[in-house]
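Notes follow once the structure below has been shown.
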Amino acid sequence: MTISQEQFDDLLGRTALAALFYYPEVTVENGEYRIQDDVAYCLQAVEGLPADDIERLGQAVARAIADPTAYRSELLALVVELAPPLSE
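Residues 48 to 135, numbered by this note's numbering, are exactly what the sequence shown covers, in order.
Next up, the structure:
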């Protein structure tokens with residue numbers, strides 16, 4: 048299955064939204080929050096990728112949610128690597 052650029056854009060949008068609503072203190076105060084639920088939501092956008100790529104993306108998404116400033120470049124580089132080339 049080929050994953051489109053739009054799906055990768057959706058992944059980035061979902062990750063950005065999850066990062067906006069991420070508060071580490073919620074995890075401490077409310078044991079119900081799990082970052083993996085947000086990661087799973089983000090990865091829905093690129094279902095069909097090989098398992099190895101999904102695992103790499105999941106780790107990068109989790110880091111980008113928890114600390115966007117430190118890890119957004121890593122996530123973007125991985126998306127560029129996995130996404131189809133932009134047509135001219």
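All C-beta atoms in this analysis are idealised placements derived from N, C-alpha and C, irrespective of residue type, glycine included.
- Three or more pairs of CB atoms, one per stretch, sit closer than 8 Å, so the region 116–133 contacts the region 55–68.
- Here Phe55 is buried: its Cβ has 16 or more other Cβ atoms, across all protein chains shown, within 10 Å.
- In the structure shown, the three-state DSSP call for Pro132 is coil.
- Thr49 and Asp85 have their C-alpha atoms spaced approximately 24 Å apart.
- Within its own chain, the residues whose Cβ lies closer than 7 Å to the Cβ of Cys89, once the five positions on either side in sequence are excluded, are Leu58, Arg61, Thr62, Ala65, Val108, listed in chain order.
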